[in-house]
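S.K.:
Protein chains: 2
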Amino acid sequence: MVTRDVKETFSGRVGAAPAPAALAAKVRTLAPSMTRSMQRVAEAVAHDPAGCAALTVTGLAELTGTSEATVVRTARLLGYPGYRDLRLALAGLAAQQQSGRAPAITTDIAVDDPIADVVAKLAYDEQQTLADTAAGLDTAQLGAAVSAAAAARRIDVYGVGASGLVAQDLTQKLLRIGLIAHAHSDPHLAVTNAVQLRAGDVAIAITHSGSTGDVIEPLRVAFEHGATTVAITGRPDGAVTQYADHILTTSTARESELRPAAMSSRTSQLLVVDCLFVGVAQRTYETAAPALSASYEALAHRHRR
Amino acid sequence: MVTRDVKETFSGRVGAAPAPAALAAKVRTLAPSMTRSMQRVAEAVAHDPAGCAALTVTGLAELTGTSEATVVRTARLLGYPGYRDLRLALAGLAAQQQSGRAPAITTDIAVDDPIADVVAKLAYDEQQTLADTAAGLDTAQLGAAVSAAAAARRIDVYGVGASGLVAQDLTQKLLRIGLIAHAHSDPHLAVTNAVQLRAGDVAIAITHSGSTGDVIEPLRVAFEHGATTVAITGRPDGAVTQYADHILTTSTARESELRPAAMSSRTSQLLVVDCLFVGVAQRTYETAAPALSASYEALAHRHRR
DNA sequence: CTCGGTATTGAAAATACCTTTCAATGGTGA
DNA sequence: TCACCATTGAAAGGTATTTTCAATACCGAG
Numbered sequence: 001m002v003t004r005d006v007k008e009t010f011s012g013r014v015g016a017a018p019a020p021a022a023l024a025a026k027v028r029t030l031a032p033s034m035t036r037s038m039q040r041v042a043e044a045v046a047h048d049p050a051g052c053a054a055l056t057v058t059g060l061a062e063l064t065g066t067s068e069a070t071v072v073r074t075a076r077l078l079g080y081p082g083y084r085d086l087r088l089a090l091a092g093l094a095a096q097q098q099s100g101r102a103p104a105i106t107t108d109i110a111v112d113d114p115i116a117d118v119v120a121k122l123a124y125d126e127q128q129t130l131a132d133t134a135a136g137l138d139t140a141q142l143g144a145a146v147s148a149a150a151a152a153r154r155i156d157v158y159g160v161g162a163s164g165l166v167a168q169d170l171t172q173k174l175l176r177i178g179l180i181a182h183a184h185s186d187p188h189l190a191v192t193n194a195v196q197l198r199a200g201d202v203a204i205a206i207t208h209s210g211s212t213g214d215v216i217e218p219l220r221v222a223f224e225h226g227a228t229t230v231a232i233t234g235r236p237d238g239a240v241t242q243y244a245d246h247i248l249t250t251s252t253a254r255e256s257e258l259r260p261a262a263m264s265s266r267t268s269q270l271l272v273v274d275c276l277f278v279g280v281a282q283r284t285y286e287t288a289a290p291a292l293s294a295s296y297e298a299l300a301h302r303h304r305r
Numbered sequence: 306m307v308t309r310d311v312k313e314t315f316s317g318r319v320g321a322a323p324a325p326a327a328l329a330a331k332v333r334t335l336a337p338s339m340t341r342s343m344q345r346v347a348e349a350v351a352h353d354p355a356g357c358a359a360l361t362v363t364g365l366a367e368l369t370g371t372s373e374a375t376v377v378r379t380a381r382l383l384g385y386p387g388y389r390d391l392r393l394a395l396a397g398l399a400a401q402q403q404s405g406r407a408p409a410i411t412t413d414i415a416v417d418d419p420i421a422d423v424v425a426k427l428a429y430d431e432q433q434t435l436a437d438t439a440a441g442l443d444t445a446q447l448g449a450a451v452s453a454a455a456a457a458r459r460i461d462v463y464g465v466g467a468s469g470l471v472a473q474d475l476t477q478k479l480l481r482i483g484l485i486a487h488a489h490s491d492p493h494l495a496v497t498n499a500v501q502l503r504a505g506d507v508a509i510a511i512t513h514s515g516s517t518g519d520v521i522e523p524l525r526v527a528f529e530h531g532a533t534t535v536a537i538t539g540r541p542d543g544a545v546t547q548y549a550d551h552i553l554t555t556s557t558a559r560e561s562e563l564r565p566a567a568m569s570s571r572t573s574q575l576l577v578v579d580c581l582f583v584g585v586a587q588r589t590y591e592t593a594a595p596a597l598s599a600s601y602e603a604l605a606h607r608h609r610r
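For the protein sequence lines, the chains are U and W, in the order given. Sequence positions in the first sequence follow my numbering and run 1 to 305. Sequence positions in the second sequence follow my numbering and run 306 to 610.
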C-alpha cells in the first residue's frame with residue numbers, strides 16, 4: 001500500500017455540504033467529536049453568528065481564548081474549506097435570523113412543569129429536530145442510498161435498542177412495496193445473515209452514537225462481502241462510517257434528564273428513514289403503487305370484520 | 306500651510322450606513338456618481354449578489370474587466386469599509402433571497418419530485434402533524450393517564466403493525482425508569498396476558514383506526530378485569546374507546562399514494578407516547594432519575610469497549 | 001489642434017488576513 | 001512510571017485585500 005502524506009487541511013472535514021441555516025444543528029451534531037478548544041469556538045459561533053461574522057480569525061481566536069489554527073480546524077470540521085467561508089455562511093445566517101423568525105429559545109423540561117407545558121415543549125423540540133435533520137441531510141448521499149436500495153436484490157437493516165424499532169419501521173414499509181427487506185436486532189443473526197449478502201445487495205446500519213459494535217460488525221461483514229452499505233447515524237465521524245458507502249446524518253438535539261437522547265434521535269432517524277422509503281417508492285413506482293394499495297385493501301378488510 | 310498625504314482610503318465613502326438589503330437601490334442611487342469601471346462592478350454586484358459573494362477581489366475584478374483597486378473603490382462608495390465587508394453583506398443578501406423563496410411544500414409528494422423536495426415536504430408534513438397533535442391533545446385525559454401509569458403495578462401496551470413499534474417504544478422507555486411494562490403485538494398472547502391484570506394495573510391500546518380488533522380485544526379483557534384502560538387512537542369515536550377510561554387522540558394527517566397513513570400517524574402516536582412517558586417520569590422522579598442515569602452509564606460502557 | 005491640468009485606471013508594492021507547519025504540552029493507557 | 005498519541009498555539013508561509021503611484025484618458029482653454 002502506498003502511504004501518502006496528508007496535509008492537515010482536509011483531515012477533519014466531515015460534513016459534505018456547507019450548511020446554510022443548519023449550522024446550529026451541525027454544531028450540536030459534531031460537538032461530541034470536537035476537542036475542548038474547538039467546542040469553545042463552535043459554541044461561540046452557534047451562540048452569536050452575527051457577532052462572529054464580524055470577527056477575523058484572530059479576533060475569534062482571542063474571543064474564545066484559542067489560536068487561529070483551532071478556529072480554522074473548527075471551520076473545517078463544520079464542513080467549510082476554511083474560516084473565510086465559514087464567515088460568509090455566518091453572515092448569511094445572521095441576515096436570515098434578523099429578517100426572519102424568532103431565535104427560538106428552548107427551555108428544558110422541569111420536574112414540576114404542568115403537563116400542558118410538557119406537551120408544548122416536546123412538540124416544539126421534535127419539530128425543531130425535524131427541521132434540523134432536513135436541513136442537515138445530504139441529498140446526494142440520500143439519493144445514492146435510494147438508488148442502491150431501489151435496485152437491491154435484498155435489503156438488510158441493523159439496529160439495536162431504540163434504533164431497532166426504526167429498523168423495523170423501515171423494513172415494514174419496504175416490504176409493503178414489494179421489496180425484500182429484513183430488520184436484525186440480534187447481532188449474531190445479523191452477522192450470520194450479512195455473510196449472505198453480495199454486490200447489488202444493500203445493508204443499512206442505524207446507530208445514533210455511531211459506535212454501537214453490535215451494529216457495526218454486521219455492516220462490516222456486509223461491506224466486505226461487496227454489499228452497498230449505508231449508515232444512518234448522528235455521528236458522521238463515528239466508527240460505523242468506515243464501512244459505509246453512504247452516510248446519512250441525523251441531527252442531535254440536546255438531551256436533558258427527563259428527555260433522553262433516544263427521543264429526538266428517534267424522531268430524526270424516522271424522518272431519514274421516511275425519506276429513504278419515499279425515494280425508493282418513487283423509483284419503483286410501477287411496482288410500489290399497486291403493492292401499496294393492495295396492502296391498504298387488506299388492512300381495510302381486517303378492520304371491517 | 307502644511308500639505309499632507311491623504312490616503313485614498315476614505316476619500317470616496319458616500320453612504321453612511323452599510324446597506325443590508327437595500328443594496329440594489331443604493332447602486333441605482335449612486336450609479337450616476339460612479340466612473341465607468343465602477344459602474345460595471347456595481348452592476349455585477351447588484352445583478353448577482355450570490356455569485357459575487359463567492360468571488361475574491363481579484364475574481365470580481367477579472368469578471369468585470371477591471372482591477373482590484375476599482376472593486377475596492379466601488380465597495381467604499383457603497384458604504385463599506387472595504388471589499389471584505391461588501392462581500393459579507395452580499396452573502397447575507399444571498400441567504401435572505403434564497404430563504405425567502407418558498408419551497409412550495411403545500412403540494413403532495415409527486416413521483417417525479419427531486420429528492421430534496423421529498424425531504425422538505427416530509428419534514429414539513431411531520432412538523433405539521435406534531436403541531437396538530439399537540440393542539441388536539443386533551444391534557445386532562447393525558448394527566449389522568451399519567452397518574453394511572455405512574456402508580457401502576459404493571460403496564461401492558463397493545464399495538465399491531467406500525468402501532469406495534471410505538472408500543473415497543475413506550476415500553477422500552479418505561480422499563481428504563483424502572484417500571485414494569487410489556488408490549489404485545491401478538492393478539493393471542495395479549496389476551497392471555499390481559500386476564501392477569503386487575504385494579505391498579507394499566508392497559509394501553511394503540512390503534513390509528515380505532516377499530517383494530519387485535520388490539521381492542523385485549524383492551525376489553527383488561528377493562529373487564531378492572532384495569533385502568535387507555536386508548537391512543539386517531540378516531541375518538543372508534544370501537545376501541547368503549548373500553549377506554551382515558552382517550553388520547555392522535556391527529557390524522559392526510560395521506561397520499563406515496564405517503565401512507567402509517568407515516569404521520571406514527572409521528573403523532575410517538576409524540577403522545579413521549580408526553581405520557583415524560584409525565585410518568587416526572588411523577589416518579591425519585592426512582593426515575595437514578596434509573597435513567599444508570600441505563601445511560603450502562604450504554605456508555607458498551608460503546609466504549 | 002495642442003497643451004496643461006485633472007480624473008480615472010490598473011500594476012505592483014504593502015499590508016492584513018488566513019492557512020499550514022511544527023514543536024511543546026497534556027492527557028491516557030500499558 | 002513511561003511511552004505514546006491527541007491537542008494546542010506560536011510562528012512561518014501563503015492568499016486576499018488594500019494602498020500607492022505612475023500611466024493614461026479625458027476635458028476645456030488657448
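For every residue, glycine included, the Cβ atom is placed at its ideal position computed from N, Cα and C. Being a predicted model, the structure only gives us computed values, none of them experimental.
Flag Met263 (chain U) as yes if its beta-carbon sits less than 8 Å from any beta-carbon of chain W, otherwise no.
M.R.: Taking the first sequence and counting its residues from 1, one reaches residue 263 (chain U) at position 263. Yes - at least one Cβ of chain W is within 8 Å of the one on Met263 (chain U).
S.K.: Distance, Cα to Cα, Ala94 (chain U) vs Ala123 (chain U)?
M.R.: The sequence position of residue 94 (chain U) within the first sequence is 94, counting from 1. The sequence position of residue 123 (chain U) within the first sequence is 123, counting from 1. The straight-line gap from Cα to Cα measures roughly 26 Å.
S.K.: What does a CB cutoff of less than 8 Å around Arg176 (chain U) pick up in its chain, not counting 5 residues either side in sequence?
M.R.: The residue labelled residue 176 (chain U) in the question sits at position 176 within the first sequence. Taken in chain order, the residues that qualify are Ala291, Leu292 and Ser295.
S.K.: Let me check understanding here. Comparing Cα to Cα, which of W:Tyr590, W:Leu368, W:Arg333 and W:Gln401 lies closest to Leu383 (chain W)?
M.R.: Numbered from 1 along the second sequence, position 78 holds the residue referred to as residue 383 (chain W). For the residues W:Tyr590, W:Leu368, W:Arg333 and W:Gln401, the minimum Cα distance to Leu383 (chain W) belongs to W:Arg333.
S.K.: With a cut-off of 8 Å, does the C-beta of Leu391 (chain W) fall near any C-beta of chain U?
M.R.: Residue mapping note: residue 391 (chain W) aligns to position 86 of the second sequence, counting from 1. By this cut-off, Leu391 (chain W) is not an interface position.
S.K.: What separation, rounded to the nearest whole angstrom, lies between the Cα atoms of Gln587 (chain W) and Gln446 (chain W)?
M.R.: Translated into the one-based positions of the second sequence, residue 587 (chain W) becomes position 282. Translated into the one-based positions of the second sequence, residue 446 (chain W) becomes position 141. If I take the Cα positions, the gap works out to 17 Å.
S.K.: So Ser556 (chain W) and Thr438 (chain W) are in contact, right, with Cβ under 8 Å, and what is the actual spacing, rounded?
M.R.: Here residue 556 (chain W) is taken as the residue at index 251 of the second sequence, counted from 1. Here residue 438 (chain W) is taken as the residue at index 133 of the second sequence, counted from 1. Contact holds; Cβ gap of about 4 Å.
S.K.: Tell me whether the beta-carbon of Val166 (chain U) lies closer than 8 Å to the beta-carbon of Val202 (chain U).
M.R.: Numbered from its first residue, the first sequence carries residue 166 (chain U) at position 166. Numbered from its first residue, the first sequence carries residue 202 (chain U) at position 202. Contact: no.
S.K.: In chain U, which residues lie with their C-beta within 7 Å of the C-beta of Leu435 (chain W)?
M.R.: Reading the second sequence from its first residue, position 130 is the one you call residue 435 (chain W). Simply Ala123, Glu126 and Gln127.
S.K.: According to DSSP, is Val416 (chain W) part of a helix, a strand, or is it coil?
M.R.: Along the second sequence, read from residue 1 onward, the residue named residue 416 (chain W) stands at position 111. DSSP places Val416 (chain W) in coil when its eight states are reduced to three.
S.K.: Run through the DSSP bridge pairs and tell me what Leu553 (chain W) is partnered with.
M.R.: Position 248 of the second sequence, counting from 1, holds the residue named residue 553 (chain W). Partner(s): W:Ile537.
S.K.: Of all the CB atoms in chain W, is at least one closer than 8 Å to the CB of Gly92 (chain U)?
M.R.: Residue mapping note: residue 92 (chain U) aligns to position 92 of the first sequence, counting from 1. Yes - at least one Cβ of chain W is within 8 Å of the one on Gly92 (chain U).
S.K.: What is the DSSP secondary structure of Tyr590 (chain W), reduced to helix, strand or coil?
M.R.: Along the second sequence, read from residue 1 onward, the residue named residue 590 (chain W) stands at position 285. Here Tyr590 (chain W) sits in helix by DSSP.
S.K.: Got a sec? Which residues, its chain only, sit under 7 Å from Arg336 (chain W) by beta carbon, not counting five neighbours each side?
M.R.: Translated into positions along the second sequence, residue 336 (chain W) becomes position 31. Note that residue 336 (chain W) is Ala in the sequence shown here, rather than Arg. Taken in chain order, the residues that qualify are Gln344 and Ala347.
S.K.: Nearest to Tyr83 (chain U) by CA position, among U:Gly161, U:Ser209 and U:Leu55, is which residue?
M.R.: The residue labelled residue 83 (chain U) in the question sits at position 83 within the first sequence. Considering only alpha carbons, the answer is U:Leu55.
S.K.: Find the nearest neighbour of Gly213 (chain U) within the set U:Leu88, U:Ala183 and U:Tyr158, judged by alpha-carbon distance.
M.R.: What you label residue 213 (chain U) is simply residue 213 of the first sequence in a count that begins at 1. Gly213 (chain U) has its Cα closest to that of U:Tyr158, out of U:Leu88, U:Ala183 and U:Tyr158.
S.K.: Less than 8 Å between the beta carbons of Ala467 (chain W) and Ala567 (chain W), yes or no?
M.R.: Looking up residue 467 (chain W) in the second sequence gives position 162. Looking up residue 567 (chain W) in the second sequence gives position 262. Yes, the pair counts as a contact, with Cβ atoms nearer than the cut-off.
S.K.: Of the residues U:Glu286, U:Val280 and U:Ala288, which one's Cα is nearest the Cα of Val424 (chain W)?
M.R.: Here residue 424 (chain W) corresponds to residue number 119 of the second sequence, with the count starting at 1. That would be U:Val280, whose Cα lies nearest to the Cα of Val424 (chain W).
S.K.: According to a CB-to-CB cut-off of less than 7 Å, which residues of the segment 45–67 of chain U neighbour chain W?
M.R.: Those would be Ala53, in chain order.
S.K.: Of all the options U:Glu68, U:Ala149, U:Arg198 and U:Thr66, which has the alpha carbon lying nearest to the alpha carbon of Leu170 (chain U)?
M.R.: Here residue 170 (chain U) is taken as the residue at index 170 of the first sequence, counted from 1. Here the closest residue by C-alpha is U:Ala149.
S.K.: Would Asp550 (chain W) and Thr572 (chain W) be called neighbours here (beta carbons separated by less than 8 Å)?
M.R.: Working through the second sequence from its first residue, we reach residue 550 (chain W) at position 245. Working through the second sequence from its first residue, we reach residue 572 (chain W) at position 267. Going by C-beta atoms, Asp550 (chain W) is not nearer than 8 Å to Thr572 (chain W).
S.K.: With DSSP run on the structure shown, which of helix, strand or coil describes Asp443 (chain W)?
M.R.: Counting from one through the second sequence, the residue named residue 443 (chain W) turns up at place 138. Three-state result, Asp443 (chain W): coil.
S.K.: Below 8 Å on the Cβ atoms is my contact criterion, and I expect Gly539 (chain W) with Ser570 (chain W) to pass it. Report the Cβ-Cβ distance as a whole number of Å.
M.R.: Taking the first residue of the second sequence as 1, we reach residue 539 (chain W) at position 234. Taking the first residue of the second sequence as 1, we reach residue 570 (chain W) at position 265. Indeed they touch by this definition, with Cβ atoms about 6 Å apart.
S.K.: Just the chain U side, please: which residues come within less than 8 Å of Ile420 (chain W) by C-beta, in chain order?
M.R.: On the second sequence, position 115 is the one that residue 420 (chain W) refers to. Under the 8 Å cutoff, chain U gives Thr139, Leu142, Gly143, Val146, Cys275 and Gly279.
S.K.: In the DSSP assignment, the beta strand (DSSP E) including His184 (chain U) goes from what residue to what residue?
M.R.: Taking the first residue of the first sequence as 1, we reach residue 184 (chain U) at position 184. Run containing His184 (chain U): Ala181 to His184, per the beta strand (DSSP E) assignment.
S.K.: Could you tell me which chain W residues have their CB closer than 8 Å to the CB of Ala162 (chain U), listed as they occur along the chain?
M.R.: Mapped onto the first sequence, residue 162 (chain U) falls at position 162. Residues of chain W passing the Cβ test: Asp474 and Gln477.
S.K.: Leaving out five residues before and five after Val72 (chain U) in sequence, what residues of the same chain have Cβ atoms less than 8 Å from its Cβ?
M.R.: The residue labelled residue 72 (chain U) in the question sits at position 72 within the first sequence. Closer than 8 Å at Cβ, skipping near neighbours: Val57, Gly82 and Tyr83.
S.K.: Within the 8 Å Cβ cut-off, does Ile537 (chain W) reach chain U?
M.R.: Locating residue 537 (chain W) in the second sequence gives position 232, where the first residue counts as 1. Not an interface residue.
S.K.: Does any CB atom of chain U fall closer than 8 Å to the CB of Ile552 (chain W)?
M.R.: Looking up residue 552 (chain W) in the second sequence gives position 247. Chain U, which has no Cβ nearer than 8 Å to the Cβ of Ile552 (chain W), makes this no.
S.K.: Smallest Cα separation from Asp113 (chain U): which of W:Asp418, W:Glu591, W:Val583 and W:Ala594?
M.R.: Locating residue 113 (chain U) in the first sequence gives position 113, counting from the first residue. Measuring from the Cα of Asp113 (chain U), the nearest candidate turns out to be W:Val583.
S.K.: Hey, is Gln547 (chain W)'s beta-carbon within less than 8 Å of any beta-carbon in chain U?
M.R.: On the second sequence, residue 547 (chain W) is found 242 positions in, with the first residue counted as 1. No, its Cβ sits nowhere closer than 8 Å to a Cβ of chain U.
S.K.: Check Val195 (chain U) in the structure and name its three-state DSSP category.
M.R.: Within the first sequence, the letter at position 195 stands for residue 195 (chain U). Looking at Val195 (chain U) - three-state DSSP - the assignment turns out to be coil, as it is neither helix nor strand.
S.K.: Quick one: what does DSSP say Thr371 (chain W) is sitting in, helix, strand or coil?
M.R.: Counted from its first residue, the second sequence places residue 371 (chain W) at position 66. Note: Thr371 (chain W) maps to coil in three-state DSSP.
S.K.: Keeping to the same chain, check which residues put their C-beta closer than 7 Å to that of Val146 (chain U); ignore five residues upstream and five downstream.
M.R.: As a first step, residue 146 (chain U) must be located in the first sequence, where it is residue number 146. Answer for Val146 (chain U): Leu276, Gly279, Val280 and Arg283, listed in chain order.
S.K.: Val507 (chain W) versus chain U: which residues are under 7 Å apart at the beta carbon?
M.R.: In the second sequence, residue 507 (chain W) corresponds to position 202, counting from 1. Residues of chain U passing the Cβ test: none, with the nearest at roughly 17 Å.
S.K.: Here's the rule: buried if 16 or more other CB atoms are within 10 angstroms of the residue's CB, otherwise exposed. What is Arg153 (chain U)?
M.R.: For the purposes of this step, residue 153 (chain U) is taken as residue 153 along the first sequence, with counting starting at 1. By the 10 Å Cβ count, Arg153 (chain U) comes out exposed.
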